[in-house]
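Undergrad: Residue numbers (the numbering used here): 2 to 219.
We put the beta carbon where it would ideally sit given N, CA and C, even for glycine.
Predicted, not measured: the structure shown is a model, and the values here were computed from it.
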């Protein structure tokens, strides 16, 4: 799936950006914990306060809300007037690698960390739910930047699999900036016309060519 091997220089740049992104997310976490200690957030630690059903429902709800937030901010960062200072760093390496998973320019890192800094004031969340979402976000981001597919080839056309983003789905975004902006799910791409029409039918990387600086499908 990967066309070119990653370069050590771009990996180093991705690690540097990821380091600063980690600091920004850590600061966001510090503010969240401080808010909890002050009693200003809706975080809770009693499993019986809202019940186990709510635990699962709130987990799914936060994933959907985060995916929605990510889609629209991600698409906004690709605007020509914003791209160079908000999102260029993530695409600097060209082909995605695990090191580019959290290689965000500071404005984008702040925007993504802000989601968690706000959601804890809007929706009651158990600490388990918050930690689970953070773990899913981290694992999903790394898997989708591996540069190779971990799911079977039939996954993207399966009735369930077609709604989830995979490494193949996200690699297309790194090659065609105007497609595939989601984080976990494909429904915003499908609804708003940013889904590659050839994706579910079997994407052929051999058919990709570079035309006028923009990757297109043959």
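Residue 114 and residue 19 - do their beta-carbons sit closer together than 7 Å?
TA: Not a contact, by the Cβ cut-off of 7 Å.
Undergrad: Considering residue 202, what are the terminal residues of the alpha helix (DSSP H) in which it resides?
TA: Premise fails: residue 202 is in no alpha helix (DSSP H) and is neither H nor E.
Undergrad: Around the C-beta of residue 190, are 16 or more other C-beta atoms found within 10 angstroms, so that it is buried, or is it exposed?
TA: Counting Cβ neighbours within 10 Å, residue 190 comes out buried, since at least 16 surround it.
Undergrad: Count the other C-beta atoms from every protein chain shown that fall within 10 angstroms of the C-beta of residue 58, then say buried if there are 16 or more, exposed otherwise.
TA: It counts as exposed.
Undergrad: Is residue 183 buried or exposed, if buried means 16 or more other CB atoms sit within 10 Å of its CB?
TA: Residue 183 should be labelled buried.
Undergrad: Under the rule that 16 or more other beta-carbon atoms within 10 Å means buried, what is residue 121, buried or exposed?
TA: Per the 10 Å Cβ criterion, buried.
Undergrad: For residue 148, count neighbouring C-beta atoms within 10 Å of its own C-beta (all shown protein chains included) and say buried if the count is 16 or more, exposed if not.
TA: That one is buried.
Undergrad: Could you compute how far the alpha carbon of residue 181 sits from the alpha carbon of residue 196?
TA: Each residue's Cα considered, the two are about 6 Å apart.
Undergrad: Out of 158, 98 and 175, point me to the one whose CA is closest to residue 88's CA.
TA: Looking at the Cα atoms, 175 is the closest of the given residues.
Undergrad: In three-state terms, what does DSSP make of residue 45?
TA: In the structure shown, residue 45 sits in a strand (DSSP, three-state: E or B).
Undergrad: When the Cα of residue 177 is compared with those of 198, 186 and 158, which residue comes out closest?
TA: It is 198 whose Cα lies nearest to the Cα of residue 177.
Undergrad: Please name the residue or residues paired with residue 126 in a DSSP beta bridge.
TA: According to DSSP, residue 126 bridges with 44.
Undergrad: Got a sec? Which residues, its chain only, sit under 6 Å from residue 37 by beta carbon, not counting five neighbours each side?
TA: Taken in chain order, the residues that qualify are 44.
Undergrad: Quick one: grab the DSSP three-state call for residue 165.
TA: The answer is strand: DSSP assigns residue 165 an E or B state.
Undergrad: Using a C-beta cutoff of 7 Å, does residue 190 count as contacting chain B?
TA: The structure shown contains no chain B; it is built from a single protein chain.
Undergrad: Given a cut-off of 7 Å, decide if residue 133 and residue 232 are closer than it, judged by their beta-carbon atoms.
TA: Lying outside 2 to 219, the shown extent of the chain, residue 232 is not represented and no answer is given.
Undergrad: Buried or exposed: where does residue 136 fall if 16 or more other Cβ atoms within 10 Å of its Cβ makes it buried?
TA: Per the 10 Å Cβ criterion, exposed.
Undergrad: Determine the direct distance from the alpha carbon of residue 63 to that of residue 166, and round the result to whole angstroms.
TA: If you take the alpha carbons of residue 166 and residue 63, they lie about 17 Å apart.
Undergrad: Who are the near neighbours of residue 211 in its chain, counting only those whose CB is closer than 7 Å to its CB and skipping five residues on each side?
TA: Residue placement at residue 211 cannot be trusted, given a pLDDT of 35 that sits under 50; what the coordinates show is reported in the next sentence. Within the same chain, residue 211 has no close Cβ partners at all.
Undergrad: Assign residue 186 to one of three DSSP states: helix, strand, or coil.
TA: Three-state result, residue 186: strand.
Undergrad: Counting only the same chain and skipping the five closest in sequence on each side, list residues whose C-beta sits under 7 Å from that of residue 55.
TA: Contacts found: none.
Undergrad: CA-CA distance, residue 117 and residue 172?
TA: The alpha-carbon atoms of residue 117 and residue 172 are separated by roughly 26 Å.
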